[in-house]
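Protein sequences appear in the order of chains A and B.
Be aware that the first sequence starts at 53, since it is given in our numbering, and climbs by one per residue.
Be aware that the second sequence starts at 414, since it is given in our numbering, and climbs by one per residue.
The beta carbon of each residue, even a glycine, is placed where N, CA and C say it ideally should be.
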Amino acid sequence: MEVAIEGAVDAFRLDVAFQTSHGITALFGPSGAGKSMTLRYLAGLARPTSGFIRLGDRVLFQDAPHGPPIHVHPRRRRVGMVFQDYALFPHLNVGKNVAFGLHRQSSEERRTRVGELLELVGLEGYERRPPRTLSGGERQRVALARALAPEPELLLLDEPFAALDFRVRRGLRDALSEIQTRTGIPMILVTHSLADVRRLSSSLVVLDDGRVVASGATASLLASPPTPEVAALVSADDL
Amino acid sequence: MTGLDLQPLLFSFRVALQATLLAAVVGLPVAWVLARKQVPGRDAWTVLILLPMVLPPTVLGYYLLLIIGRQGPVGIWAESLGLGRIVFTPTAAVIAAFVASVPFLIRSAQGGFEQVDSVYEEAARTLGRSEWSIALTVTLPLAWRGILAGLALTFARAVGEFGATVMVAGNIPGQTLTGSVAIYDAVQAGRMGDANVLAFLLTLTTAGALYALTRMGRVRS
């Protein structure tokens, strides 16, 4: 994915450009850096003021001078999203939540696919459970299964571990890494945890105050930060 | 009080049911638009939509008469289509009950829609659903409480409609005489026993309907 966008919400201005590749890309930075806002632009839930977003050979968004204005509706982007508080539909059970993006398939296909996805995230047999009976970690897994169901070309994860305690966090981190390897779907992970960055991401984009202050391979960026500013951000334990 | 005619009561419930259905079909989309979309002149629209709640019912009936009466634009249009006149028919009673009661549904449903966190709609968008499908499968079920309360209020208001109904539908026994109007007629004619029974039955049935809807709201939540 190739991104170069500008956007604004009230007084906050975002101006970011970066590229992602296969595997997991971490968008890392302090609160208010514009990480979640960037994800909303990528998902199509908000519209940048200018720039472009390209995924493979598809243009998801562009504005002058990059060509005629294009803003693909989120439902046609094939970009999945795991929301910060998971946003599981409270009126639907786990099975129906996971099947929500499979509305074009037959009920037989849906049932099979929901079973496969729940197995993938380690929640076999949870189909009939209402979301309110699930733990935080289980909700996160259901949200992941739901987002993966329509086979997105890219998956966005907004602070997926923020609400969880550290033991659950560790287990889910491993699970996410394994799922990424098994499905091969590229992921962009918003986080302010350096541990997430280290354990999960192959490439890293460091954001601060609406700008990209560094980007590249995670290992080399962490080993030799290009500027003192980046060094300060990536040496703090958790932001 | 021999031979008390219960037909006006049954007619009232039929009218109120039809008015409530019509209010749901027309009012729910309006409430959804007001809750979720940027509407130019939104305050003016809100005043116009809620006006029937505060207008004296006879004033409302008078305006309706101007619109659906034989000289009114809708009246002329209906007759040109061969539908005959509207005023002093059961249809007029339904229209009066609908106009008087639909603001209750819109207000209540709008509140219900506004309470639905828009993150659920955003999640549905990223899962490939159309706006129409999201409104039906996400927003509507999550706004259920507000909608149910609105339907109950709408139905109760429609059953109780008097002023506008008398103006546009009249009180033709067996045709347009509603329960509320029949009570007025009974009192005017000094048939206090009839008025008593009708008033009691209207109280009982509307309270019962309200109770059932309240119970449903609790079960669904």
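| Taking DSSP as the reference, what is the three-state secondary structure of A:G103? | A:G103: strand per DSSP, three-state reduction.
| Backbone secondary structure at B:M398 - three-state DSSP | Residue coverage of chain B in this structure runs from 414 to 634, which leaves residue 398 of chain B outside it and unanswerable.
| Cβ contact check for the segment 546-553 of chain B and the segment 258-265 of chain A: 3 or more pairs under 8 Å | Note that the segment 546-553 of chain B does not touch the segment 258-265 of chain A; fewer than 3 beta-carbon pairs, one per stretch, sit closer than 8 Å.
| query | To the nearest angstrom, how far is it from the Cα of A:P193 to the Cα of A:R128? | reply | With the sequence shown as reference, residue 193 of chain A is identified as Arg, and Pro is not the correct amino acid for it. Their Cα atoms are separated by approximately 24 Å.
| said: Measuring CB atoms only, is the segment 176-184 of chain A touching the segment 208-219 of chain A, in the sense that at least three cross pairs come out at less than 8 Å? | reply: Contact between the segment 176-184 of chain A and the segment 208-219 of chain A is absent, because fewer than three Cβ pairs lie under 8 Å.
| What residue range is occupied by the uninterrupted alpha helix (DSSP H) comprising B:G525? | Here the alpha helix (DSSP H) through B:G525 covers 503-527.
| message | For A:L97, would you say it is in contact with chain B, using Cβ-to-Cβ distances shorter than 7 Å as the test? | response | With a threshold of 7 Å between beta carbons, A:L97 makes contact with chain B.
| query | Under 7 Å, do B:V512 and B:P465 count as touching if we go by C-beta distance? | reply | Yes. Within cutoff.
| request: For chain A, find out if any of its Cβ atoms is closer than 7 Å to the Cβ of B:V500; answer yes or no. | output: Not an interface residue.
| field | Reduced DSSP category for A:D226 - H, G, I as helix; E, B as strand; rest coil | value | A:D226 falls in the helix class under three-state DSSP.
| request: Rank A:V131, A:S276, A:V146, A:S245 by C-alpha distance to the C-alpha of A:A197 and give the top, closest one. | output: Taking only the C-alpha atoms, the option nearest A:A197 is A:V146.
| said: Any heavy atom of the ligand FAD closer than 6 Å to the beta-carbon of A:R106? | reply: Ligands are entirely absent from the displayed structure, and the ligand FAD is therefore not among its contents.
| request: Could you tell me whether any Cβ in chain A is nearer than 7 Å to the Cβ of B:R538? | output: True, the Cβ-Cβ gap to chain A drops below 7 Å.
| field | Residues of its chain near A:V111, where Cβ-Cβ distance is below 7 Å and the 5 sequence neighbours each way are ignored | value | For A:V111, where only same-chain residues beyond five positions count, the Cβ hits under 7 Å are F104, I122.
| message | Quick check on A:S83: buried or exposed, where buried means 16 or more other Cβ atoms within 10 Å of its Cβ? | response | Exposed: under 16 other Cβ atoms inside 10 Å.
| With a cut-off of 7 Å, does the C-beta of B:V515 fall near any C-beta of chain A? | Any Cβ of chain A closer than 7 Å to the Cβ of B:V515 would place that residue at the interface, and such an atom is absent.
| message | B:G525 and B:A556 - do their beta-carbons sit closer together than 7 Å? | response | A Cβ-Cβ contact shorter than 7 Å links B:A556 with B:G525.
| task | Report the neighbours of B:S521 on chain A: residues whose CB is nearer than 9 Å to its CB, in chain order. | result | The contacting residues do not exist; B:S521 stays about 19 Å from chain A at best.
| message | Check whether chain B comes within 7 Å of A:R127, counting only Cβ atoms and requiring the distance to be less than that. | response | For A:R127, the closest Cβ of chain B is nearer than 7 Å.
| Same chain, Cβ closer than 6 Å to B:L590, five either side skipped, listed in chain order | Apart from sequence neighbours up to five positions away, the residues of its chain that approach B:L590 with a beta-carbon distance below 6 Å are P421, N584, ordered along the chain.
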